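Residue numbers (the numbering used here), protein chains in the order written: chain A, 21 to 221; chain B, 50 to 144; chain C, 272 to 399. Heads up, the beta-carbon is just placed ideally off N, CA and C, and yes, glycines get one too. All values reported here derive from a predicted model rather than from experimental measurement.
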Amino acid sequence: MHIDEALRKRLIQTVAETVIAHAEDLTELDQAIGDGDHGLNMRRGFEAVLADRDKIAAQSLPKALHAVGMTLVMKVGGASGPLYGTLFMQLGKSIPDEPTLADATEALAAAFGAVKMRGKSDVGAKTMLDVIAPVLAALRDGADPRGLPALADAAAAATKPMRAVRGRASFLGDRSIGHIDPGARSTALILRAICDTLGAA
Amino acid sequence: MSEHAASVEITNPTGLHARPAVKLTKLAKTFADATVQVALAEGGPWIDAKSVVKIMALKAGRGAFLHIRAGGAQGAEALAALAALVRRDFDETHV
Amino acid sequence: MSNVGIVIVSHSPDVAKGAADMVRQMVGEEVPLAWCGGNADGGLGTQVQDILDAIDRAWSEAGVAILVDLGGAETNSDMAIELLPEERRDRVVVCNAPVVEGAVVAATEASGGSPLAVVRATAEELSP
Numbered sequence: 021m022h023i024d025e026a027l028r029k030r031l032i033q034t035v036a037e038t039v040i041a042h043a044e045d046l047t048e049l050d051q052a053i054g055d056g057d058h059g060l061n062m063r064r065g066f067e068a069v070l071a072d073r074d075k076i077a078a079q080s081l082p083k084a085l086h087a088v089g090m091t092l093v094m095k096v097g098g099a100s101g102p103l104y105g106t107l108f109m110q111l112g113k114s115i116p117d118e119p120t121l122a123d124a125t126e127a128l129a130a131a132f133g134a135v136k137m138r139g140k141s142d143v144g145a146k147t148m149l150d151v152i153a154p155v156l157a158a159l160r161d162g163a164d165p166r167g168l169p170a171l172a173d174a175a176a177a178a179t180k181p182m183r184a185v186r187g188r189a190s191f192l193g194d195r196s197i198g199h200i201d202p203g204a205r206s207t208a209l210i211l212r213a214i215c216d217t218l219g220a221a
Numbered sequence: 050m051s052e053h054a055a056s057v058e059i060t061n062p063t064g065l066h067a068r069p070a071v072k073l074t075k076l077a078k079t080f081a082d083a084t085v086q087v088a089l090a091e092g093g094p095w096i097d098a099k100s101v102v103k104i105m106a107l108k109a110g111r112g113a114f115l116h117i118r119a120g121g122a123q124g125a126e127a128l129a130a131l132a133a134l135v136r137r138d139f140d141e142t143h144v
Numbered sequence: 272m273s274n275v276g277i278v279i280v281s282h283s284p285d286v287a288k289g290a291a292d293m294v295r296q297m298v299g300e301e302v303p304l305a306w307c308g309g310n311a312d313g314g315l316g317t318q319v320q321d322i323l324d325a326i327d328r329a330w331s332e333a334g335v336a337i338l339v340d341l342g343g344a345e346t347n348s349d350m351a352i353e354l355l356p357e358e359r360r361d362r363v364v365v366c367n368a369p370v371v372e373g374a375v376v377a378a379t380e381a382s383g384g385s386p387l388a389v390v391r392a393t394a395e396e397l398s399p
């Protein structure tokens, strides 16, 4: 698929606006099990991405993804910065200029592995990995990409009964059960924004 | 082998707490050609005086005797220096 | 010969600075030392750029040992190490040790001229 500069701009715009618009919801989720700064941190990061939109979009797709990751690393603060930063930076390292769906799937697989290492975590620990994993599995099974946002939403919701073992939420132990993980939620939001923009293109 | 030994009473009011432990360890480390061990009882257990974590864990209070033994080319020198440090109350300023 | 540098990373700038003060008072001046903490809004947090700057301030040819407090401090420190120039990357480590005690014992070990691996191992003796 050819993702030209105009489309790259729209992708950045939509993803950033989606995260910024949901900052308060994310903060609310994080207040339940974290330190309540996920929404604010993500908003700060994506506001910086939005401010650099044209400069980032002018670069090739791999470089643009890497630049988004680097901006998040530097601006988000908190553990989400390096985690989302790693996700986008690794996507940038692994994706070709004009990716097929198979290329995008493999890039997501590489990014999944990188985030896993960065967070020293895995599936089932109530994190963003719990959204990426089923999306990745569906892509590998050849699922229709149009179904991915709903799948991601369901996967984020499915973190509710999980018990956190990493990050601030892990201090709550069993009390982390019963709340959706804010990182899983923001991952689902970002994925929906990407799918919607690409689907409309 | 440890050829030199001494026993020194800890007279520092707060004992061999964290800051003195750092001083003792740092001083021991300046003698590269010496092995230095300390113990709270003559029979041991003997602890490497260059290990700050182990010295801190000793938790030796005022009135305890610190047994020191040292070996190697700088053994005598190291022993004298460490014993003197303990006698000087680790150069702590008492208020 | 240069001694290993120590970097203290805490979510709170007050904690980081306090730990650094303890190192200076208890261990002395012979170890390069830097600290950072807090987020861009003045709240609790850690930032990759601040950690990179602190590594730079505490830089030593013998390497730098980083002491961190909570999870995000470690994740951000790992990220910072990865963003270092290649010739520095292998000479910076995050110690698995409590931040205050770890900083003091790591600095004590470093003040004697011990190599980075030994400084790290000494700090990690504190962790069961």
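Does the distance from the C-beta atom of residue i to that of residue j stay below 8 Å?
i                      : j                      : result
residue 192 of chain A : residue 184 of chain A : yes
residue 59 of chain A  : residue 46 of chain A  : yes
residue 170 of chain A : residue 211 of chain A : no
residue 306 of chain C : residue 325 of chain C : yes
residue 392 of chain C : residue 338 of chain C : no
residue 56 of chain A  : residue 101 of chain A : no
residue 404 of chain C : residue 186 of chain A : Nothing in the structure corresponds to residue 404 of chain C, since chain C is present only between 272 and 399.
residue 347 of chain C : residue 319 of chain C : yes
residue 120 of chain B : residue 84 of chain B  : yes
residue 60 of chain B  : residue 138 of chain B : yes
residue 202 of chain A : residue 54 of chain A  : yes
residue 93 of chain A  : residue 209 of chain A : no
residue 397 of chain C : residue 368 of chain C : yes
residue 356 of chain C : residue 331 of chain C : no
residue 108 of chain A : residue 89 of chain A  : yes
residue 379 of chain C : residue 298 of chain C : yes
residue 281 of chain C : residue 308 of chain C : yes
residue 375 of chain C : residue 71 of chain B  : yes
residue 115 of chain B : residue 106 of chain B : no
Helix, strand or coil: which one does DSSP assign to residue i?
i                      : result
residue 191 of chain A : helix
residue 23 of chain A  : coil
residue 80 of chain A  : coil
residue 101 of chain A : helix
residue 198 of chain A : coil
residue 313 of chain C : coil
residue 64 of chain B  : coil
residue 92 of chain B  : coil
residue 373 of chain C : helix
residue 144 of chain A : coil
residue 384 of chain C : coil
residue 379 of chain C : helix
residue 203 of chain A : helix
Over what stretch of residues does the alpha helix (DSSP H) that includes residue i continue unbroken?
i                      : result
residue 58 of chain A  : 58 to 71
residue 171 of chain A : 168 to 177
residue 152 of chain A : 149 to 160
residue 346 of chain C : 342 to 354
residue 80 of chain B  : It is not in any alpha helix (DSSP H) - residue 80 of chain B carries neither H nor E in the DSSP assignment.
residue 389 of chain C : 387 to 395
residue 186 of chain A : Premise fails: residue 186 of chain A is in no alpha helix (DSSP H) and is neither H nor E.
residue 47 of chain A  : 43 to 53
residue 132 of chain A : 121 to 139
residue 136 of chain B : 124 to 136
Skipping 5 residues on each side, what residues in its chain have a beta carbon closer than 8 Å to that of residue i?
i                      : result
residue 349 of chain C : 365
residue 143 of chain A : 149, 150 and 153
residue 156 of chain A : 125, 128, 129 and 132
residue 294 of chain C : 277, 279, 302, 304, 374, 375 and 378
By DSSP's criteria, residue i is part of a beta bridge. Which residues make up the other side?
i                      : result
residue 308 of chain C : C/281
residue 97 of chain B  : B/86
residue 114 of chain B : B/58
residue 363 of chain C : C/335
residue 53 of chain B  : B/119
residue 276 of chain C : C/335
Report yes or no: is there a C-beta of chain F within less than 8 Å of the C-beta of residue i?
i                      : result
residue 340 of chain C : Here chain F cannot be found, since the structure's protein chains are A, B and C.
Given residue i, which residues of its chain have a CB within under 7 Å of its CB, disregarding the five upstream and five downstream residues?
i                      : result
residue 127 of chain B : 77, 80, 83, 85 and 119
Got a sec? Which residues, its chain only, sit under 6 Å from residue i by beta carbon, not counting five neighbours each side?
i                      : result
residue 381 of chain C : 274, 275, 302 and 390
residue 28 of chain A  : 77 and 84
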